[in-house]
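> Here you go, one structure.
Numbering (the numbering used here), first residue to last: 15 to 679.
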């Protein structure tokens, strides 16, 4: 039986991200592919060519349909490193580890810890036993379910939002299979999958809605499907653009907000898809004329319709109310010579004010429950529409917040549109309207002197927050820094500048911005880049690209978290929100020994014995305290056979996760 390559056994030095160090260590085993992967497929010579083809096809079909975790209960020993040297990534910890997934945060729906459904929250990173030894292409956390893509490109799901039955198990179950999925985008009722071919597939997040009807099952039961590559056991639909893409063009990224989805193609074209009828109330969708309700045997509608989703015109109205007229006048205020008090109307006419609308006026059905069922159906909208305002403009990156959208151009400028009630578009106080329906350039230079050239190389959004990773170059001195700018809702500390106020203009996150380190490759001090940033609804996880190569062994990449922490999604062990980025303790890998006490230099230069778990756990960046020596650091790239993997962190809806991500699936 062929085991997946995900079931690896990483030694301590191999976990560091340096295969060379493991090879040089005494007694280290050579890095070879497992014998099962080197063994050729054998066939019987007595079979005819046709019979052999059918037999091989059936075997591949059976292997594809076999659950991942049913055939990978033990780690593969072919990759185990025998080195017992100290780890630079986890200093002072000895032992061997295997690829693991850690989950923490909200657990009301059995997402962070399916094994302990009685716990509503998980305070610190907890090992997910159901993923022991697994390497993944992607992992997403919604409020009621979790989803991941295994190394073969099949989708796995868990949580009560996926399966609410009393007999539901903690083990993730495969759902969409055979499409070679690379990335997932989670919404409350639907999951959007991006395949290697650049196709967009949508399927229900609930296992009950994933069941196909008998008519579909009969149409998919052809014997040709026996050795086909697609599993038709999950109800799904392919999302198509309104007009066919050019030859060689494909979709490369997806991003979803509360009610809208954005898609970007390989040529820089941008598309939008409404998830419900409120998709364009703030103008966040970027397109108004859309097609809804595709024709299908399982659809609750009778046919496709075209509707116009207009932004709410009353959102930006200035609502002024006239003061009530007085009911009596003081005689002392009368002008000289006045002998009579003026008559005042007893019932003044109040100004007429229109009620503010909270959603779209478009109705698809008179019954509210039926309309909601239409919006939650995967065939509510299956046509991607190109954004008219961005047509013929090359977009390098396209992301969606809860009700706003951001687009980064290839020249480093950024456009924003949609909701702006918290200043999440970063347009400043002069344009602090609740809604900006047209793409507008965001000024990123307001927190810099005039002689500084600012270029944005990455954007991120989540909830009512926006982030910009920029290169700032001082033109007179040519000094370069890499900064993180934030704007939007600061109520839970998401701005990261130590305050709890909203920000209408981008401001620096000082703890992350302008960091420097010595570069062995360049032989000089260089800016520390930002490797990755993941934004949940109101909390943020960021990874620095500071995996310094020293003596052939790489250190890990530092992790910072801040923002909302009501569900312990930051993993600090406390429930208080954080307004400045902070480190986390090391991940609790099984088999690692806790480091001993160490003598470290204090701020004044004296020495003191440090108790690692207690003292360093309270040391957060952005303060006068020194950086904790033992902290969460994610392993950089490791080549495992033909795959390259790294540790990655993701911030979801009330939860967070660390997993081993495949970089070349």
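Virtual Cβ for every residue (Gly too), placed ideally from N, Cα, C.
In this text, all values refer to a predicted model and were calculated from it rather than measured experimentally.
Short of 6 Å in beta carbon distance, which residues of its chain neighbour residue 184, apart from the five on each side in sequence? Order them along the chain.
Within the same chain, residue 184 has close Cβ partners 128, 129, 144.
> Helix, strand or coil for residue 384, going by three-state DSSP, please let me know.
Note: residue 384 maps to helix in three-state DSSP.
> Using 10 angstroms around the beta-carbon of residue 179, count the other beta-carbons present and answer buried if the total reaches 16, otherwise exposed.
Burial call: exposed.
> Please report the distance separating the alpha-carbon of residue 399 from that of residue 268.
Their backbone Cα atoms lie some 14 Å apart in a straight line.
> Are the stretch 455-472 and the stretch 418-432 touching, with three or more C-beta to C-beta distances below 8 Å?
Yes: the two stretches touch, three or more of their Cβ pairs being nearer than 8 Å.
> For residue 420, which three-state DSSP category applies?
Residue state, collapsed to three classes: strand.
> So, helix, strand or coil for residue 660, using DSSP?
Here residue 660 sits in strand by DSSP.
> Does the stretch 497-515 come close enough to the stretch 435-449 to have 3 or more Cβ pairs within less than 8 Å?
Yes, since at least three Cβ pairs between the stretch 497-515 and the stretch 435-449 fall closer than 8 Å, the two stretches touch.
> Among residues of its own chain, excluding the 5 on either side of residue 124, which ones have a beta-carbon nearer than 6 Å to its beta-carbon?
If we look at residue 124 and ignore the five residues flanking it on each side, its Cβ neighbours are 131, 173, 174.
> From the DSSP output, which residues share a beta bridge with residue 547?
For residue 547, which the question treats as bridged, DSSP gives the partners 556.
> Taking its Cβ as the centre, do 16 or more other Cβ atoms sit within 10 Å of residue 634, making it buried, or is it exposed?
A caution first: residue 634 carries a pLDDT of 49, below 50, which makes its placement in the model unreliable, though a value can still be read off. Classification of residue 634: buried, given that the 10 Å Cβ count is 16 or more.
> DSSP puts residue 494 in a beta bridge; with which residues?
487, per the DSSP bridge assignment.
> Does the beta-carbon distance from residue 264 to residue 212 come in below 8 Å?
A contact, by the Cβ cut-off of 8 Å.
> Skipping 5 residues on each side, what residues in its chain have a beta carbon closer than 8 Å to that of residue 496?
Cβ neighbours of residue 496 beyond the five flanking positions: 483, 484, 485, 486, 527, 528, 529, 541, 542, 543, 544.
> Would you call the CB atoms of residue 554 and residue 508 closer than 8 Å?
In this structure, residue 508 lies closer than 8 Å to residue 554 by Cβ.
> Secondary structure at residue 598, three-state DSSP: helix, strand or coil?
Looking at residue 598 - three-state DSSP - the assignment turns out to be coil, as it is neither helix nor strand.
> Would you mind reading off the limits of the alpha helix (DSSP H) that contains residue 223?
Per DSSP, residue 223 belongs to the alpha helix (DSSP H) from 221-224.
> Nearest-angstrom Cα distance between residue 187 and residue 171?
In a straight line, the C-alpha of residue 187 is about 5 Å away from that of residue 171.
> Could you check what DSSP says for residue 182 in three-state terms: helix, strand or coil?
Residue 182: coil per DSSP, three-state reduction.
> Could you check which residue in 274, 378, 351 has the C-alpha nearest to that of residue 318?
Residue 318 has its Cα closest to that of 378, out of 274, 378, 351.
> Should residue 491 go down as buried or exposed, given a rule of 16 or more other Cβ atoms within 10 Å for buried?
By the neighbour-count rule (16 or more Cβ atoms within 10 Å), residue 491 is not buried but exposed.
> What residues in its chain sit with their C-beta under 6 Å from that of residue 149, if we drop five residues either side in the sequence?
So the qualifying residues of the chain are 20, 113, 165, 659, 674, 676.
> If distances are taken between C-alpha atoms only, which option among 139, 161, 407 comes closest to residue 190?
It is 161.
> Compute the beta-carbon to beta-carbon distance between residue 404 and residue 463, rounded to the nearest angstrom, for a pair I have assumed lies under 8 Å.
Actually they are not in contact, since the Cβ atoms of residue 404 and residue 463 sit about 31 Å apart, beyond 8 Å.
> For residue 11, which option in 291, 115, 122, 151 has the closest C-alpha, if you only look at C-alpha atoms?
The requested residue 11 is not part of the displayed model; the chain covers only 15 to 679.
> Once DSSP output is grouped into helix, strand and coil, what is the label at residue 402?
Helix.
> Is it buried or exposed, residue 570, if we count other Cβ atoms within 10 angstroms and call 16 or more buried?
So residue 570 ends up on the buried side.
> So, with DSSP's three-state summary, where would you put residue 390?
It is helical.
> For residue 217, name the three-state secondary structure that DSSP assigns.
Strand, per DSSP.
> Buried or exposed: residue 456, going by 16 or more other Cβ atoms within 10 Å of its Cβ?
The residue in question, residue 456, is buried, as its Cβ has 16 or more Cβ neighbours within 10 Å.
> Taking the alpha carbon of residue 253 as the point to measure from, which residue in 223, 272, 222, 217 has its own alpha carbon closest?
Of the candidates 223, 272, 222, 217, the one whose C-alpha sits nearest the C-alpha of residue 253 is 217.
> Residue 177 to residue 249, Cα distance in whole Å?
Going by the C-alpha atoms only, they are around 15 Å apart.
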